[in-house]
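First residue of the sequence shown? That's 24 in this note's numbering, and the numbers climb one at a time after it.
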Amino acid sequence: MMCGMGTFLVYIWGSPVVDLNGNSIRDEFSDLPLFRQYFNRTLQGINDMNKMIQEPSREKLLPDPMQEPYIQPPYTLVLELRDILVHPEWTYETGWRFKKRPGVEFLLHHCAPPLFEIVIYTNEGGFTAYPIIDHLDPNGYVWYRLFKDSTRYVEGKHVKDLTCLNRDLNKVICIDWDDTAVSTSRNHLGLKRWDGNMEDQSLFELGFMLRTIAESEVSDVREVLDYYRSFDDPLAAFRENQRKAHEHELLLSQKTQAETQYNKVATSWTPSFLRRR
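This is how it looks when you write it as structure tokens:
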């Protein structure tokens, strides 16, 4: 049976392409012996099929950045869908359904243009993911949607190839729970994989963190991400840094107020003969 299937594939893939009149179109194999013609065309067909599966569907996954008078956000935020924004669950009552993570609306709203152009880049197929994204984003904060066909298949795994985004990687942040699913690790910020716990607050903290990075007008986000990746919990590290920064600002404010009050008191006690008449 396998031999018959192989012969059938060689016949289908190895046959020369014909024109509208049914005449064979010459190719690079036409001058070879007949068996080698069919065999080589079959190998070429297999290689083309592998290439189609392994490589992204196009070299530029996103259109060129917009030019004036349109506003192009300076940063690009790439989000995985599964276990970052939603989590699949199965019950006898409902069957399979996707549960929305707390803070999805907050994250999208806080990172929306003009700060970030938001891209959902997922290993899910478009047929499954498209209606989920429609439900998550009724306000249209997500500008682009990339699915499994836009990934690169590497060693049995679908990988997000950020070099194909057609964007400056200095300005790209990719959020995913799987650090092996992103081609350029310096653009990746790992977030804890969501298991459906409705007490989770990670997206709220992530929204504050990303907005702070964007409003700081960082020239290369990878340097910031390098720093936070050195911690087991980047969001906890950001939260602690914000606490320290707030305390520092509070101390500076108190010091300024104390100096102002001291100057007022010192001025009021200056002898009258030292004052200008």
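For every residue, glycine included, the Cβ atom is placed at its ideal position computed from N, Cα and C.
With G219 and K83 assumed to form a contact (beta carbons below 8 Å), what rounded beta-carbon distance in angstroms separates them? Actually they are not in contact, since the Cβ atoms of G219 and K83 sit about 36 Å apart, beyond 8 Å.
Thinking C-beta only, is Y251 closer than 8 Å to L214? no
Run of the beta strand (DSSP E) containing C197, from where it starts to where it stops: V195 to D199 is the span of the beta strand (DSSP E), which, as asked, contains C197.
Which one of E51, P86, V109 and E246 has the shortest CA to CA distance from T145? V109
From R124 to P92, what distance separates their C-alpha atoms? 36 Å
G179 - containing alpha helix (DSSP H), residue span: Per DSSP, G179 belongs to no alpha helix (DSSP H) and is neither H nor E.
From the DSSP output, in three-state form, read off T207 for me. Residue state, collapsed to three classes: coil.
Spatial distance of H154 from Q90 (CA atoms): Sequence inspection shows Pro at residue 154; the His mentioned does not correspond to that position. About 30 Å.
Are L226 and G126 close, meaning C-beta to C-beta below 8 Å? Judged by beta-carbon spacing, G126 lies within the 8 Å limit of L226, meaning their Cβ atoms are closer than that value.
How many angstroms separate the CA atom of H158 from the CA atom of A152? Going from the Cα of H158 to the Cα of A152 covers about 10 Å.
Between the segment 99 to 106 and the segment 135 to 142, do at least 3 Cβ pairs fall closer than 8 Å? yes
CB-CB length for L233 against Y167, believed under 8 Å: Wrong, their Cβ atoms sit about 17 Å apart, outside the cutoff.
Sequence-distant residues of its chain with Cβ nearer than 6 Å to L188 (five each side left out): L84 and L85
Give every residue of the same chain whose Cβ lies closer than 8 Å to the Cβ of D255, excluding the five residues on either side of it in the sequence, and list them in chain order. none
So R209 packs on D249, CB below 8 Å; how close in whole Å? 6 Å
Tell me the start and end of each unbroken alpha helix (DSSP H) in the segment 80 to 134 that is at least 4 residues and wholly inside, in chain order. 127 to 134
In chain order, what residues of the same chain lie with their CB nearer than 8 Å to the CB of G149, ignoring the 5 residues before and after it? R168, F170, K171 and D172
8 Å Cβ cutoff met for W217 and E103: no
Please classify Y153: does DSSP put it in a helix, a strand, or coil? helix
Starting from R168 and walking both ways along the alpha helix (DSSP H), at which residues does that stretch end? Counting along the chain, R168 sits inside no alpha helix (DSSP H); it lies in the beta strand (DSSP E) bounded by residues V165 to L169.
If you draw a straight line from the alpha carbon of E112 to that of E147, how long is it in whole angstroms? 15 Å
Less than 8 Å between C-beta atoms, sequence neighbours within five positions excluded: which residues of the same chain meet that for L185? V101, L192, V195, C197, V205, S206, T207 and N210
Buried/exposed call for I107, threshold 16 Cβ in 10 Å: Label assigned to I107: buried.
Could you check the C-alpha separation between I94 and K183 for me, to the nearest Å? One C-alpha to the other measures close to 26 Å.
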